[in-house]
Amino acid sequence: MSILPIGSLVTSESFDGIGKIISVNYDLMHATVAFFESPAHPYTRQVAISLENLTPTIPHEETVVYCLEPQSQRWARARFGGSRPNGDFLVIFREDDAATLPIDKIFILNKAPDKPINPAHFLAYQANDAPFFFPRRHSFIKTYIQQRASCRGLASISSSAVELEPHQLAVVRRVLQDKTPKYILADEVGLGKTIEAGMVIREHALEEAGHVNMLIAVPSQLVTQWREELGERFQLKQLLVSVSTMLSLLKQGSAAQGIVICSYSEACLLLSRGFSPSLMTIDEVHQIAHWPWSTDEDQRDDFKLMSQACQKAHYALLLTGTPLHGHERNFLSMLHCINPEAFQIDENHLHAFTELVKNRESLGGVFSSLVPSVSNISLRRNLEEVLVQFPDDHQLATLCQGLFPLIGRFSQPTPEREAGIKAIRLHLGEHYRIHHRLLRNRRQVALSQDESKNLNLDLLFPGLNGVRESHWQTEGLTLDELLEEYRAMAVLPQNQHWSLKEANYIAWIDDLFSSPICVLQRAKAILTESTGLPKDEQALLEHIVSTAKNEQQAIDNMLAASLNDWLNQFPDGKAIVFCDRPELAQHLSVKMSILLDYPIERYQSGQPLQFTQAQTPVRVLLCDRSGEDGLNLHGGRRLAVHYGLPRSCSRIEQRLGRLNRYSANLRGIKPVQSLILKNHVTDSLRNQWADILVNSIGVFNNTIASLQFVLDDYIGDAWNRLFLEGPQVLENLAAEFPGENGVLVRETNKINMQEKLLAMDEEVSQAALFAQQLSNGDLIAVEQCKALTPWISQGLRFRSSGNAEEGMRFSFELAERSSGTLVDFKTFLTTCMLSFDKEGGNPPSTHLMSAERIPAIDGTTVYPLRYGQPFVDAIWQLLNQDARGSSVAMLRMINAELNEPRYFFQMSWLITGCDPLSPYATLRQCDEQEPPRIVEEWVAADGSQVTNPQLLGMLNSEYSKTPSAAKSYVDLNLRATRWQEIEELISADAWKEQVEQVYDKALIKQRDLAQANAYIQLMSVKAIILCSSNILSGVA
1140 MSILPIGSLV
1150 TSESFDGIGK
1160 IISVNYDLMH
1170 ATVAFFESPA
1180 HPYTRQVAIS
1190 LENLTPTIPH
1200 EETVVYCLEP
1210 QSQRWARARF
1220 GGSRPNGDFL
1230 VIFREDDAAT
1240 LPIDKIFILN
1250 KAPDKPINPA
1260 HFLAYQANDA
1270 PFFFPRRHSF
1280 IKTYIQQRAS
1290 CRGLASISSS
1300 AVELEPHQLA
1310 VVRRVLQDKT
1320 PKYILADEVG
1330 LGKTIEAGMV
1340 IREHALEEAG
1350 HVNMLIAVPS
1360 QLVTQWREEL
1370 GERFQLKQLL
1380 VSVSTMLSLL
1390 KQGSAAQGIV
1400 ICSYSEACLL
1410 LSRGFSPSLM
1420 TIDEVHQIAH
1430 WPWSTDEDQR
1440 DDFKLMSQAC
1450 QKAHYALLLT
1460 GTPLHGHERN
1470 FLSMLHCINP
1480 EAFQIDENHL
1490 HAFTELVKNR
1500 ESLGGVFSSL
1510 VPSVSNISLR
1520 RNLEEVLVQF
1530 PDDHQLATLC
1540 QGLFPLIGRF
1550 SQPTPEREAG
1560 IKAIRLHLGE
1570 HYRIHHRLLR
1580 NRRQVALSQD
1590 ESKNLNLDLL
1600 FPGLNGVRES
1610 HWQTEGLTLD
1620 ELLEEYRAMA
1630 VLPQNQHWSL
1640 KEANYIAWID
1650 DLFSSPICVL
1660 QRAKAILTES
1670 TGLPKDEQAL
1680 LEHIVSTAKN
1690 EQQAIDNMLA
1700 ASLNDWLNQF
1710 PDGKAIVFCD
1720 RPELAQHLSV
1730 KMSILLDYPI
1740 ERYQSGQPLQ
1750 FTQAQTPVRV
1760 LLCDRSGEDG
1770 LNLHGGRRLA
1780 VHYGLPRSCS
1790 RIEQRLGRLN
1800 RYSANLRGIK
1810 PVQSLILKNH
1820 VTDSLRNQWA
1830 DILVNSIGVF
1840 NNTIASLQFV
1850 LDDYIGDAWN
1860 RLFLEGPQVL
1870 ENLAAEFPGE
1880 NGVLVRETNK
1890 INMQEKLLAM
1900 DEEVSQAALF
1910 AQQLSNGDLI
1920 AVEQCKALTP
1930 WISQGLRFRS
1940 SGNAEEGMRF
1950 SFELAERSSG
1960 TLVDFKTFLT
1970 TCMLSFDKEG
1980 GNPPSTHLMS
1990 AERIPAIDGT
2000 TVYPLRYGQP
2010 FVDAIWQLLN
2020 QDARGSSVAM
2030 LRMINAELNE
2040 PRYFFQMSWL
2050 ITGCDPLSPY
2060 ATLRQCDEQE
2070 PPRIVEEWVA
2080 ADGSQVTNPQ
2090 LLGMLNSEYS
2100 KTPSAAKSYV
2110 DLNLRATRWQ
2120 EIEELISADA
2130 WKEQVEQVYD
2140 KALIKQRDLA
2150 QANAYIQLMS
2160 VKAIILCSSN
2170 ILSGVA
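Each residue of the sequence shown is one higher than the last, beginning at 1140 in our numbering.
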């Protein structure tokens, strides 16, 4: 057993940090260990620990230490300089001032986890710091708290390269303020659900300091896009792990940490192997929502794995753009994932859920009428209807009874009336939603209870700019006419043995709308595989084959000519050609590479795209059906070319949704135009369907996001009748959509009524103010960045390169004594792993960071340098464990005669709802209710506040140690030896008593002013002793 002398510095698994032995009992074989919290408490938190559990330690060089300065015998901060002869150690007070001391005279700061550093304790014992450190630390604190307050503690909002719109902020705030954050994010297509989810994902990563296990299950073609989005825009690249890596970790029994983005099938595999994510996200969840109703047992089992993972995870986010109307079965499956007890998957619960949706539809109609602009008579009638519908809702009855006296026949509008209406709307919206964790934003959001005053989210999108039409022509009958002739012949009783049947006719239509090649292949297959074809049918099929060849050449030539014209007309434009099938995309890839004057690219699922890169020469992208879902192709001027024209409105909407997406953060955006290809026959099937899409539905002019699936169901019936009834079905269909009593208006009203209670209009309205505050903060981002960096680069000596505007990096300076970074880099790296560039070499350096929210500079990802950035947050954490720069004292000699010295103290208080070192989740809750703030004031020796402007001007003047004509004072930094020199002016005991009294009075004042449960912490204190030469002349 080694001897541990009294005064030794020790470590142990029984406590964090370094302690000091103050006594040893060799009979009991234990030592008493104490901890240095401040000069006021040098031997606090004493604890007896077995000697075998203690390890003697020597601090690393450059560690901050405290000791009694040998000459003045006052406490002072110093840097540890390593061992010296005779068992002593070097401590460095300044570059030209050092001493050697035994280890028992050297102390290491080790504050209690639940107690902040109190700068007053250091100032009281004259252990204050130099003026160099104080303003840099103070500037960092003020700016950091200002940034935290502006984002209400939502660190991901502050530190992502994404500017959220009000509707996105409303969703993110709702999720993150919930103690059970499990939600269905059902915003309309293109409103930015991925951004909302990404913000929550980043917040969770920050909560856990990067030590997370998350599973993001997405359609296979979206895996690459999700990885790019989370890696670049949300700066989570270092946490992304592959499926194979995670499977290997699970097999080895290692800690399964990281973010896995994978397909649905891969997600099920991971879950079956024991992966248990703390955050589960399922994108396009409607694609698997039918699984629990499937006859396929494997699908049912896979859905069970997914739903159980959602239930076990702390966070669950299910993303879908599908409207509720007409999809009750799928939404029941989704709700089962977040609340299985209330939403069970069986026919009985489905029936009850469907009825609930219908009832809410009628309530939505009344809800939309509860606005201040409605007459008192209508308002009273609506309220009476609601009371009849919910007779047992006593709170609703109370609210209505309070409003009734204000809505008499001749009552005038008053603020109380409007407040009463708002209270009832809030009550209905919160208590009678389909589910309070089903959130859906629409492109029209009410910012006022008067729904004519709304926020039109369409302004955040490029919009749609109608359609261009190009016509091809061939000699003789068209394929449309030949197929119609084939149908007309096949329905005759005498031709029942023909190959064309009602069951396969729709497949012919799909081929016709896709490409002549598809029709040719189907006709050839019948001619080749069938025997004994009737001569009339055989001749017709052969005619179809020859016509298809001609039309294919004509349509390809027309496409190339149209694209060349458009691309020439708009040099800044890019075109996306949508085909139905991979073989068509391949065919066009060959043809267009010959016929087009511009570079092209074919989309391959899972492969990176050149088309979306900023400097790419590629101006035409060819997509098969896999490119219709999930891709982000917006930006600049775009042309959507519908080479194939599907029978589904939802597919057209999905295509346009790739381009008409949230684009508020992009410049030079133009409305999206479409191009469709038609033949020269006016009433051909293809042209009839195109005219319905263009004129009757208007899909190329206005989004039909909420209507798309309802329209598909309605139109599906017409397609099913087409074989027997012929083209007249499409003519009738075209007439059924427009007009006040048409399908579009009727179904739109029905959906609007249903979605009123799903909407987040009130929350979006509040978030609009929040968004403006964030925007205002971004305007001063450069100024704030410049306020943060001096403490990092000058106070802590991180080496910096670059600048706030164009990007900067910080790296550890691993140099010789006196020039290295003043931080233990091993500890620091583990606390902010998200900010350090693993590929940045040695010494370790941060990623490129900037004051602005810039996604990238010259292809390099840029991280915002602000609150929520792990590097900045780690600096804040260290600052709260280090007293360096927290107090300063100076003697200010003024050009005037004073009778006695005057003592003034600047106190800077942090007022907040909780401990500033609380976890992110706690900070969010507190900051939403009580945003943190720094309160500063100058007080005199008697505790009274200084208000005299001239005196404040003098006190706030910067430190100046040399005289000049511009300044009427000279400052002396009161370090330990200087305190000794002015002891006749004020003794150490008198100073200590004065500082303690001033601190106590100021704290009482702040407690009286703050809310009852406020957390109050002194962050810094500056003391200025105003003196004059006549006073000092009397001091020996």
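Glycine residues also receive a C-beta, built at the ideal position from the N, C-alpha and C atoms.
Run through DSSP, which three-state label would Thr1196 get?
-> In the displayed model, Thr1196 falls within coil according to three-state DSSP, outside both helix and strand.
Tell me, please, which residues DSSP counts as bridged to Glu2075.
-> Per DSSP, Ser2047.
Beta strand (DSSP E) segment containing His1169, residue limits = Counted as a single uninterrupted DSSP element, the beta strand (DSSP E) harbouring His1169 occupies residues His1169 to Phe1174.
Assign Arg1956 to buried or exposed, taking buried as 16 or more other Cβ atoms, counted over all protein chains shown, within 10 Å of its Cβ.
-> Residue placement at Arg1956 cannot be trusted, given a pLDDT of 46 that sits under 50; the coordinates are not used to answer.
Less than 8 angstroms separating the beta-carbons of Pro1320 and Val1314?
-> At a Cβ-Cβ threshold of 8 angstroms, Pro1320 and Val1314 count as neighbours.
Below 8 angstroms, can you find three or more Cβ-Cβ pairs linking the stretch 1320-1334 to the stretch 2016-2033?
-> When Cβ pairs closer than 8 angstroms are counted between the two stretches, the stretch 1320-1334 is seen not to touch the stretch 2016-2033, the count staying below three.
For the beta strand (DSSP E) holding Thr1239, just list the boundary residues, first then last.
-> Per DSSP, Thr1239 belongs to the beta strand (DSSP E) from Asp1236 to Leu1240.
Where Ser2057 sits in the DSSP three-state scheme = For Ser2057, the three-state secondary structure derived from DSSP is coil.
Ends of the beta strand (DSSP E) at Lys1321?
-> Here the beta strand (DSSP E) through Lys1321 covers Lys1321 to Leu1324.
Could you tell me how far apart the beta carbons of Pro2070 and Ala1288 are, in whole angstroms, since I believe they sit closer than 8 angstroms?
-> Contact flag correct, Cβ pair sits at about 4 angstroms.
What's the gap between the Cα of Leu1586 and the Cα of Val1903?
-> At Leu1586, the pLDDT of 35 sits below 50, so the modelled position is not reliable; the number obtained from the coordinates is stated separately. Taking the straight line from one Cα to the other gives about 7 angstroms.
Could you work out which residue in Arg1758, His1781 and Arg1777 is closest to Arg1764 when comparing CA atoms only?
-> When only C-alpha atoms are compared, the closest one is His1781.
Nearest-angstrom Cβ-Cβ length linking Leu1458 and Glu1423, presumed shorter than 8 angstroms | Going by Cβ atoms, the distance from Leu1458 to Glu1423 rounds to 7 angstroms, so yes, they are a contact pair.
Mind checking which residues open and close the beta strand (DSSP E) that includes Gln2156?
-> Looking at the DSSP string, the run of the beta strand (DSSP E) that includes Gln2156 is Tyr2154 to Cys2166.
Boundaries of the alpha helix (DSSP H) in which His1343 is found, first to last residue | Unbroken alpha helix (DSSP H) run through His1343: Lys1332 to Glu1346.
Tell me Lys1250's beta-bridge partners as DSSP assigns them.
-> In DSSP, Lys1250 forms no bridge with anything.
Compute the Euclidean distance between the alpha carbons of Ser1211 and Ala1266, then round it to the nearest angstrom.
-> C-alpha separation (whole angstroms): 11 angstroms.
CB contact flag (Leu1778, Leu1727, <8 angstroms) | It is not a contact, given that the beta carbons lie outside the stated cut-off.
Per the contact definition of three or more C-beta pairs closer than 8 angstroms, is the stretch 1515-1524 in contact with the stretch 1544-1560?
-> Contact between the stretch 1544-1560 and the stretch 1515-1524 is established, with three or more Cβ pairs separated by less than 8 angstroms.
Is the stretch 1997-2010 touching the stretch 1235-1247 in the sense that three or more CB pairs, one from each, lie closer than 8 angstroms?
-> No: fewer than three Cβ pairs fall under 8 angstroms.
Backbone secondary structure at Cys1290 - three-state DSSP = DSSP, read as helix, strand or coil, puts Cys1290 in coil.
With Ala1920 and Glu1304 assumed to form a contact (beta carbons below 8 angstroms), what rounded beta-carbon distance in angstroms separates them?
-> About 18 angstroms; that fails the 8 angstroms criterion.
In chain order, what residues of the same chain have a beta carbon less than 6 angstroms from the beta carbon of Gln1812, not counting five sequence neighbours either side?
-> The beta carbon of Gln1812 is closer than 6 angstroms to those of Asn1604 and Leu1778 in its chain, skipping five residues each way along the sequence.
Helix, strand or coil at Glu2097 according to DSSP, with G and I counted as helix | DSSP places Glu2097 in coil when its eight states are reduced to three.
When DSSP labels each residue in this structure, what does Ile2143 get in the three-state scheme?
-> Assignment of Ile2143 by DSSP, reduced to helix, strand and coil, places it in the helix class.
Inspect the beta-carbon positions of Phe1949 and Phe2010 and report whether they are closer than 8 angstroms.
-> Phe2010 is positioned such that its CB atom lies closer than 8 angstroms to that of Phe1949.
Beta strand (DSSP E) runs wholly inside the stretch 1800-1851, at least 3 long, in chain order = Within the stretch 1800-1851, the runs of beta strand (DSSP E) that reach at least 3 residues and sit entirely inside it are, in chain order, 1811-1818.
Complete runs of the alpha helix (DSSP H) confined to the stretch 1596-1639 [at least 4 residues] = With a minimum length of 4 residues, the continuous alpha helix (DSSP H) runs that stay inside the stretch 1596-1639 are 1618-1629.
Residue range of the beta strand (DSSP E) that Tyr2196 falls in?
-> Outside the modelled stretch of the chain, which goes from 1140 to 2175, sits residue 2196, for which no answer is possible.
Counting only runs that start and end within the stretch 1694-1745, where is the beta strand (DSSP E) found for 3 or more residues in a row?
-> Counting only runs of 3+ residues, the beta strand (DSSP E) found wholly inside the stretch 1694-1745 occupies 1712-1717 and 1739-1741, in chain order.
Give a single yes or no on whether Ala1678 has its beta carbon closer than 7 angstroms to a heavy atom of the ligand HEM.
-> With respect to small molecules bound, the structure shown includes none, and the ligand HEM cannot be examined in it.
Which residue or residues does DSSP assign as beta-bridge partners of Ser1654?
-> As DSSP reads the structure, Ser1654 sits in no beta bridge.
Same chain, Cβ closer than 6 angstroms to Tyr2059, neighbours up to 5 away in sequence not counted = Sequence-distant partners of Tyr2059 (beyond 5 residues in either direction) whose C-beta falls short of 6 angstroms from its own C-beta, in its chain, are Ala1294, Leu1345 and Glu1346.
Name the two residues that bound the continuous beta strand (DSSP E) containing Lys1925.
-> Per DSSP, Lys1925 lies in no beta strand (DSSP E); the unbroken alpha helix (DSSP H) holding it starts and ends at Ala1920 to Pro1929.
When the Cβ atoms of the stretch 2138-2152 are set against those of the stretch 2010-2023, are three or more pairs found closer than 8 angstroms?
-> A contact between stretches requires three or more CB pairs, one per stretch, nearer than 8 angstroms, and the stretch 2138-2152 fails this requirement with the stretch 2010-2023.
Same chain only: Cβ atoms within 8 angstroms of Val1301, ignoring 5 sequence neighbours per side = Hits under 8 angstroms: Ile1334, Gly1337, Met1338, Arg1372, Phe1373, Asn1804 and Arg1992.
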